[in-house]
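First the structure, in the form of structure tokens, and then the observations on it.
Number of protein chains: 2
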Amino acid sequence: MTALDLQIATEACRQCPIRHRAVCATCEPDELTRLEAMKSYRTWMAGQTIVMEGEPMPFAASVVTGCATLTRSMEDGRMQMVGLLLPSDFIGRPGRANAPYEVVAATDVTLCMFDRPAFERLLTDTPHVSQRLLEMSLDEIDAAREWMLLLGRKTAREKVATLLAIVLRRAATGSAPLRAELPLTREAMASYLGLTIETVSRQMTALKKDGVIRMSGLRGLLCDDLGALLAEAGDDADGDVLS
Amino acid sequence: MTALDLQIATEACRQCPIRHRAVCATCEPDELTRLEAMKSYRTWMAGQTIVMEGEPMPFAASVVTGCATLTRSMEDGRMQMVGLLLPSDFIGRPGRANAPYEVVAATDVTLCMFDRPAFERLLTDTPHVSQRLLEMSLDEIDAAREWMLLLGRKTAREKVATLLAIVLRRAATGSAPLRAELPLTREAMASYLGLTIETVSRQMTALKKDGVIRMSGLRGLLCDDLGALLAEAGDDADGDVLS
DNA sequence: CACCGGGGTTGACCTGCATCAAGGCGCGTT
DNA sequence: AACGCGCCTTGATGCAGGTCAACCCCGGTG
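Heads up: the protein sequence lines correspond to chains H and R, in order. First residue of the first sequence? That's 39 in the working numbering, and the numbers climb one at a time after it. First residue of the second sequence? That's 39 in the working numbering, and the numbers climb one at a time after it.
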């Protein structure tokens, strides 16, 4: 996350704590003051668990900076990431006290947290908030469905290319070469894609060898030709993935 | 769908057109009359396309009887089912005119359809409706995440067992042997599970051979021991899949 | 009756990814 | 410097599931 992004996030935070992003047109003054009253900030370091699977989740929150992951696991230890939270994404569902999945900080992460009971009261009181939350949920459903296509039908190479494209898109600075900091370890990438670490690694080197991407260090990702990357991703060049 | 189910569905329909299911506690008289005014019914036959991928979708709807599927496809023809709609499920997102995926009738299917502009007006007017829709969306997100775990990490045998368990659960009559009519062809099952037809077929015969399930005809599914089936599914015996 | 066509099953073979194992690189610690 | 530890890469090998092809079953139709 660049200094500019941080500034934008905090700027927006004054405007609309739920989205932590550009002003919400429908924000109303009384909602904002009530939200202000119940919010608090907290930071986790990369790798720390924010909520354990099945544990009570006494808050709802939105991501201010950094990156967190939602993960479901099976008894024998197999794991699948089921949510990737970047700045402005929202965690926690009203009306459910327990988290059905583990929430982990992928990078250092700062959340803007809302006391759950107070937040639920706000929801029932003010239609605007629940409508905005509805919209965000619908976006999330679309993202999840795109993700299912990836998990169910794409090859390893397409999967990796798709993920890299998603990251580049979210971090887009505008002018080529596109440049982004990978917020995920190889392990997290594998978990996202339904692959193993080794396969992810092999596909990354293959994409490098074929000139589709370049790396500067382990985390620095550059791409001269997003079109080529999207072609590798098997998407029809739109890929409205991940809300 | 049995005659009893049908009766329940129509019964509930008078009560709450959105869910087409047990009475919604929060239904209010004026909402109901407005919903009544904008709704209409239509039936499709098994195999018919209800909405094409990318086409305009001039309505929102809820499933009254039968079964429909949402499918995303790639340019080269690979397809992945991303939604399975059973009675009481809802299709169509307010605020988006075009369907991002294909909707197909898996069995003969009857929808209760709402004119989209009118429905959107109702949404902004009455908070209850959007709150109920929010709840349903959140359930759908949870189901999608469970589904991702299946697509990303489960073996073919586990996938098939999981799907059969889901169907049995939704059709549950209570007493063993559990009995259900499979609403899906092998092709649709394969599409749901991210497998090929052949693999689904092989796993089905394997599960039969191992005494986990029995079939009466191609569509009739019986199970004497749901616990055994769930064990094969790799779930920790809860599996709150598919809302 | 023969014919056809659509859905399902089964077998033989192949391949893409997982698995297992070794080694490299960067970094903090003694 | 030497060591250990995370994280990543690379190679060798195996297997689950895809692919291709044949065949079955069943209901509809001329």
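Beta carbons: idealized from backbone N, C-alpha and C, even for Gly. The structure displayed is predicted, hence computed values, not measured ones.
CB contact below 9 Å: Val-120 of chain R versus chain H = By this cut-off, Val-120 of chain R is an interface position.
key: DSSP three-state assignment for Glu-91 of chain R, whether helix, strand or coil   = If DSSP states are grouped into helix, strand and coil, Glu-91 of chain R belongs with coil.
query = Out of H:Thr-145, H:Met-112, H:Gly-265 and H:Gly-130, which has the shortest C-alpha to C-alpha gap to Trp-185 of chain R?
reply = For the residues H:Thr-145, H:Met-112, H:Gly-265 and H:Gly-130, the minimum Cα distance to Trp-185 of chain R belongs to H:Met-112.
inquiry  = Applying the 10 Å Cβ sphere with the 16-neighbour rule, what's the burial state of Arg-257 of chain H?
reply    = That one is exposed.
message = Which runs of the beta strand (DSSP E) at least 3 residues long sit entirely within the stretch 208 to 232 of chain R? Give them in chain order.
response = Taking only runs of at least 3 residues, the beta strand (DSSP E) segments lying wholly in the stretch 208 to 232 of chain R are 216 to 219.
key: Contact the stretch 195 to 214 of chain H vs the stretch 238 to 250 of chain H: 3+ CB pairs below 8 Å   = The answer is yes - the stretch 238 to 250 of chain H touches the stretch 195 to 214 of chain H, with three or more Cβ pairs under 8 Å.
ask   = Can you tell me the Cα-Cα spacing of Thr-40 of chain R and Arg-217 of chain R, whole angstroms?
value = Here the model assigns Thr-40 of chain R a pLDDT of 38, short of 50, so the residue's position is not dependable and the matter cannot be decided.
task = Throw me the rounded Cβ distance for the Leu-172 of chain H and Leu-172 of chain R pair, which I believe falls under 8 Å.
result = Yes, Leu-172 of chain H and Leu-172 of chain R are in contact; Cβ-Cβ is about 5 Å, under 8 Å.
inquiry  = Could you compute how far the alpha carbon of Thr-164 of chain R sits from the alpha carbon of Glu-69 of chain R?
reply    = C-alpha separation (whole angstroms): 7 Å.
query = chain H beta carbons: is any one of them nearer than 9 Å to that of Val-61 of chain R?
reply = Any reading at Val-61 of chain R is ruled out, since the residue's pLDDT is 47, under 50, leaving its predicted position unreliable.
task = Within the same chain, show all residues whose beta-carbon is closer than 6 Å to that of Met-119 of chain R, passing over the 5 residues directly before and after it, in chain order.
result = If we look at Met-119 of chain R and ignore the five residues flanking it on each side, its Cβ neighbours are Thr-107, Thr-109, Ser-229 and Tyr-230.
task = Would you mind listing the beta strand (DSSP E) stretches within the stretch 99 to 156 of chain R that are 3+ residues and don't spill past its ends, in chain order?
result = Runs of the beta strand (DSSP E) inside the stretch 99 to 156 of chain R: 106 to 111, 117 to 123, 140 to 143 and 147 to 153.
message = Let me confirm a value: Ser-254 of chain R is counted as buried when at least 16 other C-beta atoms fall within 10 Å, else exposed. Which label applies?
response = Counting Cβ neighbours within 10 Å, Ser-254 of chain R comes out exposed, since fewer than 16 surround it.
Pair within 9 Å by beta-carbon distance, Gly-121 of chain H and Thr-148 of chain H = Contact annotation: Gly-121 of chain H and Thr-148 of chain H have beta-carbon atoms that are not nearer than 9 Å.
ask   = Which residues in the same chain have their Cβ closer than 7 Å to the Cβ of Gly-249 of chain H, if we skip the five residues on either side of it in sequence?
value = For Gly-249 of chain H, where only same-chain residues beyond five positions count, there are no Cβ hits under 7 Å.
inquiry  = For Thr-81 of chain R, report the span of its alpha helix (DSSP H) as first-last.
reply    = Segment 77 to 82 is the beta strand (DSSP E) holding Thr-81 of chain R; no alpha helix (DSSP H) there.
query = What does Asp-68 of chain H reach in chain R if we use C-beta pairs closer than 9 Å?
reply = Near Asp-68 of chain H there are no residues of chain R at all, since even the closest Cβ is about 15 Å away, more than 9 Å.
query = Can you round the beta-carbon distance between Asp-127 of chain R and Ser-168 of chain R to whole angstroms, since I take them to be within the 8 Å contact cut?
reply = That pair is no contact at about 18 Å.
query = Just curious, the alpha helix (DSSP H) that Arg-171 of chain R is in, first and last residue?
reply = According to the sequence displayed, residue 171 of chain R carries Leu and not Arg. Leu-171 of chain R -> alpha helix (DSSP H) spans 165 to 191.
query = What is the DSSP secondary structure of Arg-252 of chain R, reduced to helix, strand or coil?
reply = Of the three classes helix, strand and coil, the one that applies to Arg-252 of chain R here is strand, per DSSP.
task = Would you kindly report the start and end of the unbroken alpha helix (DSSP H) that includes Gly-265 of chain R?
result = Residue range 264 to 271 is occupied by the alpha helix (DSSP H) that includes Gly-265 of chain R.
query = Bridge partners of Gly-258 of chain H, per DSSP?
reply = Under the DSSP definition of a beta bridge, Gly-258 of chain H partners with H:Glu-219 and H:Ser-254.
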